[in-house]
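Protein chains in written order, with the numbering used here: chain A, 1 to 135; chain B, 1 to 135; chain C, 1 to 135; chain D, 1 to 135; chain E, 1 to 135; chain F, 1 to 135.
6 protein chains.
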Amino acid sequence: MSTVAAPAAPETDPRVKAVFDDIRATRRTDFINNLWRHLAFDPPLLERTWAEVKALMATPSTLDPLTKELVYIAVSIVNGCSYCVHSHTAAARAKGMTNEQHAELMAIVALAARTNQIATALQVPVDAAFDAAAG
Amino acid sequence: MSTVAAPAAPETDPRVKAVFDDIRATRRTDFINNLWRHLAFDPPLLERTWAEVKALMATPSTLDPLTKELVYIAVSIVNGCSYCVHSHTAAARAKGMTNEQHAELMAIVALAARTNQIATALQVPVDAAFDAAAG
Amino acid sequence: MSTVAAPAAPETDPRVKAVFDDIRATRRTDFINNLWRHLAFDPPLLERTWAEVKALMATPSTLDPLTKELVYIAVSIVNGCSYCVHSHTAAARAKGMTNEQHAELMAIVALAARTNQIATALQVPVDAAFDAAAG
Amino acid sequence: MSTVAAPAAPETDPRVKAVFDDIRATRRTDFINNLWRHLAFDPPLLERTWAEVKALMATPSTLDPLTKELVYIAVSIVNGCSYCVHSHTAAARAKGMTNEQHAELMAIVALAARTNQIATALQVPVDAAFDAAAG
Amino acid sequence: MSTVAAPAAPETDPRVKAVFDDIRATRRTDFINNLWRHLAFDPPLLERTWAEVKALMATPSTLDPLTKELVYIAVSIVNGCSYCVHSHTAAARAKGMTNEQHAELMAIVALAARTNQIATALQVPVDAAFDAAAG
Amino acid sequence: MSTVAAPAAPETDPRVKAVFDDIRATRRTDFINNLWRHLAFDPPLLERTWAEVKALMATPSTLDPLTKELVYIAVSIVNGCSYCVHSHTAAARAKGMTNEQHAELMAIVALAARTNQIATALQVPVDAAFDAAAG
Chain A
1 MSTVAAPAAP
11 ETDPRVKAVF
21 DDIRATRRTD
31 FINNLWRHLA
41 FDPPLLERTW
51 AEVKALMATP
61 STLDPLTKEL
71 VYIAVSIVNG
81 CSYCVHSHTA
91 AARAKGMTNE
101 QHAELMAIVA
111 LAARTNQIAT
121 ALQVPVDAAF
131 DAAAG
Chain B
1 MSTVAAPAAP
11 ETDPRVKAVF
21 DDIRATRRTD
31 FINNLWRHLA
41 FDPPLLERTW
51 AEVKALMATP
61 STLDPLTKEL
71 VYIAVSIVNG
81 CSYCVHSHTA
91 AARAKGMTNE
101 QHAELMAIVA
111 LAARTNQIAT
121 ALQVPVDAAF
131 DAAAG
Chain C
1 MSTVAAPAAP
11 ETDPRVKAVF
21 DDIRATRRTD
31 FINNLWRHLA
41 FDPPLLERTW
51 AEVKALMATP
61 STLDPLTKEL
71 VYIAVSIVNG
81 CSYCVHSHTA
91 AARAKGMTNE
101 QHAELMAIVA
111 LAARTNQIAT
121 ALQVPVDAAF
131 DAAAG
Chain D
1 MSTVAAPAAP
11 ETDPRVKAVF
21 DDIRATRRTD
31 FINNLWRHLA
41 FDPPLLERTW
51 AEVKALMATP
61 STLDPLTKEL
71 VYIAVSIVNG
81 CSYCVHSHTA
91 AARAKGMTNE
101 QHAELMAIVA
111 LAARTNQIAT
121 ALQVPVDAAF
131 DAAAG
Chain E
1 MSTVAAPAAP
11 ETDPRVKAVF
21 DDIRATRRTD
31 FINNLWRHLA
41 FDPPLLERTW
51 AEVKALMATP
61 STLDPLTKEL
71 VYIAVSIVNG
81 CSYCVHSHTA
91 AARAKGMTNE
101 QHAELMAIVA
111 LAARTNQIAT
121 ALQVPVDAAF
131 DAAAG
Chain F
1 MSTVAAPAAP
11 ETDPRVKAVF
21 DDIRATRRTD
31 FINNLWRHLA
41 FDPPLLERTW
51 AEVKALMATP
61 STLDPLTKEL
71 VYIAVSIVNG
81 CSYCVHSHTA
91 AARAKGMTNE
101 QHAELMAIVA
111 LAARTNQIAT
121 ALQVPVDAAF
131 DAAAG
């Protein structure tokens, strides 16, 4: 059940086909997951979303691929996005995340959430030492 | 301005002094930041909070120290905790985070937030392929 | 599956019947969606909730009906309320929202979420020019 | 600094004066805090907001006054509303909240946030035993 | 469907069995709900999580057991944790929460969310009277 | 106070100067607000962020400019981004938002937050009638 029907034959639209072809080539798989199948209802939104995912997640950069997935999972958990938690946990596993790392990720997300709430509850003033402009 | 007054002489309480001593020893610094100074209003809460921060953040584990700080910052951003964003950005810098890595972290947190909103707006059903029990 | 059982014959309670009658008359439909059927477990909460929805959403005002639904969807997405995303997307469609407008709404919600995270990550100070009192 | 300027002489508007008089009478104080002073920019919004706060928070009900404030603080913390955390912590103190209760409230909010993140990370299926309709 | 498969025979691990035994003894029931069954995939995370839940929720303290559950539900609602809303609503019912109290809890969570949004929209400055350090 | 120091002479970097020139030309003003001044610390992040803001907010589309700002404010409120609430409220005012519209926006954001919490508290099942695929 979704708020937009996934097009039945999305690749008859050449813009959608081009994105799906690029997803398959970039990820070296024939599997196109549901997010992209539903985004096909609006080719410009599909194109822009995939372009940024590819640029940031599938391109070598200063953070290693697994670290990027761990950050992605963490954000998805806090935003409560069930779909994204599932898809990026699977992606992290595919990039080598072990059960121990998965458990440690949960522990750190939970710890951060915990101290976030305490700092907000206390309304602690920020230490001057943390000011980047003073560095 | 805070919801709890930081005790004026917190280390006259031996439980607070023990925690502050451990913070100084663990971090090899004399600086005790405001979160701990305010948590001193309730020694049991101070002890439990520090014990978990130390166990997860200051102990070697399956994730490297900088990765843990990046996840911590990401969670703090999404939870909107100003204090925690400041303190953990400073901590990540102290552990070697470069400006490029900081910018990339922001880009990934922002990308995840973006696709989280889109997946939630579409209410995309989770692909069966992502089920761990099916793995 | 819900935390409260929807009453089996809610309209035997005259307070519930009065609200359901008003929903049908206001919306010109016989369809009472599940939110109201479950809220019937507590007539005062049902009455107060419907009264406010009617006053704000079903009464002519300074914002047009579709704009109000778009804002409602946006808030529901960010709050991660699956039920509300579904019900208000359906309501917006009934008020004329096109696929293009739906896609654009998602794009703006996603853009805002993205810059929200970046501004929070940077802890950017608010420009004096934005102060309403200075206007 | 605010997005709306608080009217300089709000009580020259009789609708505002009526609300402010009722706040003073209900709370038995001359102090009108900044939320109401800013809401005075739009008398209907001021009236509706105060009417609901009074109905729920200043009227005897099935939950005692302090419990209601503790829930209010908890929600305000998770929503990251600095103003509300301050105002409702002050209100809870006025209703007798001790330092120990305040610390325990923080501990429970933090624990709930922690297990919320873990349950979301795991995407645990809900046990059939929790279904109210099955009760 | 979950991101981690619940172990098929979790109690063959003595650390898991010890936690499950303690859950059964503490709660006086044979029912182990799904959160714990899934957390069994990582015994240290299971142990730490249960230890804190037991210390805060199953130990007499300055807040009564039902108040603690109400706060827990409130946080879980705002964090959008479906599993936790279900499990803690069931726990609150087991501790005596009536339908009227449940409805009132929802009304207060909703009111707090409402005024949280308004205060954030207005960016109301915090009154000096709320400063704990000034008390 | 920020987590990144705004460069003292950002326009000595030609990539930053190009973005700032485009902001000035697009908005027909000499004012560059703090978000862009801080993002100048990383020119690629600055470029990508401005490119998307310009494409979505400063380009004619299926939603009118004021509606887009109202949605932007709504999302920023729920995400608790103080800076963004300020900057987009100012932008909405510049595009003609009246006080009455501003108050109504707050009322709808608050109403949505309220019903979001109630629907999440009840865990209401989604009506089959809302399924787009069934449409």
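Positions of the beta carbon are idealized from the N, C-alpha and C atoms, including for glycine.
{"Check": "Taking Cβ to Cβ, would you say A/A40 is nearer than 8 Å to A/P10?", "Outcome": "yes"}
{"Check": "Less than 8 Å between CB atoms is the rule here; does C/Q101 satisfy it with respect to chain B?", "Outcome": "no"}
{"Check": "Alpha helix (DSSP H) containing B/P43: first to last residue?", "Outcome": "43-57"}
{"Check": "For a contact defined as C-beta to C-beta under 7 Å, what are the partners of A/T120 on chain D?", "Outcome": "I77, G80, V85"}
{"Check": "E/D22 by DSSP, collapsed to three states: which one?", "Outcome": "helix"}
{"Check": "Is the shortest distance between the beta-carbon of A/L45 and the beta-carbons of chain C less than 8 Å?", "Outcome": "yes"}
{"Check": "Using a cut-off of 7 Å between C-beta atoms, extract the partners of E/T3 located in chain A.", "Outcome": "V85, H86, T89"}
{"Check": "Considering only residues of the same chain and omitting the five flanking positions on each side of E/L46, which have a CB-CB separation below 6 Å?", "Outcome": "V19, L39, A40"}
{"Check": "What number of angstroms, rounded off, separates the C-alpha of B/A76 from the C-alpha of D/T98?", "Outcome": "It is Ser, not Ala, that sits at residue 76 of chain B in the sequence shown. One C-alpha to the other measures close to 28 Å."}
{"Check": "Give the range of the alpha helix (DSSP H) segment to which D/Q101 is assigned.", "Outcome": "99-122"}
{"Check": "Taking 8 Å as the cut-off, decide whether the C-beta atoms of E/Q123 and D/S2 are in contact.", "Outcome": "yes"}
{"Check": "Any heavy atom of the ligand MG closer than 7 Å to the Cβ of C/M1?", "Outcome": "No copy of the ligand MG appears in this structure; indeed no ligand is present at all."}
{"Check": "Buried or exposed: which applies to D/F130, given that a residue is buried once 16 or more other Cβ atoms fall within 10 Å of its Cβ?", "Outcome": "buried"}
{"Check": "Would you mind reading off the limits of the alpha helix (DSSP H) that contains E/C81?", "Outcome": "No alpha helix (DSSP H) holds E/C81; DSSP gives it neither H nor E."}
{"Check": "Got a sec: which bits of the stretch 22-53 of chain D sit with their beta carbon under 8 Å from any beta carbon on chain E, in order along the chain?", "Outcome": "F31, N33, N34, L35, H38, L39, L45, T49, E52, V53"}
{"Check": "Just to confirm, are A/L66 and A/L105 a CB contact at a threshold of 8 Å?", "Outcome": "no"}
{"Check": "Between the stretch 107-118 of chain E and the stretch 53-61 of chain D, do at least 3 Cβ pairs fall closer than 8 Å?", "Outcome": "yes"}
{"Check": "Please report the residue range of the alpha helix (DSSP H) in which C/L63 lies.", "Outcome": "Neither: C/L63 is in no alpha helix (DSSP H) and is coded neither H nor E."}
{"Check": "Using the Cα positions of F/L35 and D/D127, report the straight-line distance between them to the nearest angstrom.", "Outcome": "46 Å"}
{"Check": "Can you tell me whether A/G37 is buried or exposed? The criterion is at least 16 other CB atoms within 10 Å of its CB, across all chains shown.", "Outcome": "Per the sequence presented here, residue 37 of chain A reads as Arg, with Gly not at that position. A/R37 comes out buried."}
{"Check": "Which class does C/I73 belong to by DSSP, given the choice of helix, strand or coil?", "Outcome": "helix"}
{"Check": "In this structure, how does DSSP classify A/P125 when only helix, strand and coil are distinguished?", "Outcome": "coil"}
{"Check": "With distances taken between CB atoms, is the gap from E/G80 to C/N79 smaller than 8 Å?", "Outcome": "yes"}
{"Check": "Reducing DSSP to helix, strand and coil, say where C/V4 ends up.", "Outcome": "coil"}
{"Check": "Who are the neighbours of A/D127 on chain B, taking C-beta pairs under 7 Å?", "Outcome": "N33, N34"}
{"Check": "Mind checking C/R48: buried by the 16 CB within 10 Å criterion, or exposed?", "Outcome": "buried"}
{"Check": "By how many angstroms is the C-alpha of F/C84 removed from the C-alpha of C/I118?", "Outcome": "10 Å"}
{"Check": "Is there a C-beta anywhere in chain A that falls below 8 Å from the one on C/M57?", "Outcome": "no"}
{"Check": "Rounding to the nearest angstrom, what Cα-Cα distance links F/S82 and E/R24 in this structure?", "Outcome": "46 Å"}
{"Check": "Within 8 Å (strictly less), CB to CB, does A/V109 reach chain D?", "Outcome": "yes"}
{"Check": "Starting from E/N34, trace the alpha helix (DSSP H) in both directions and tell me its first and last residue.", "Outcome": "34-39"}
{"Check": "Using the three-state DSSP reduction, which class does A/K17 fall into: helix, strand or coil?", "Outcome": "helix"}
{"Check": "Just the C-alpha distance for F/T120 and E/H102, rounded to the nearest angstrom, thanks.", "Outcome": "13 Å"}
{"Check": "By DSSP, does B/T29 sit in helix, in strand, or in coil?", "Outcome": "coil"}
{"Check": "How many angstroms separate the CA atom of C/A74 from the CA atom of D/N33?", "Outcome": "30 Å"}
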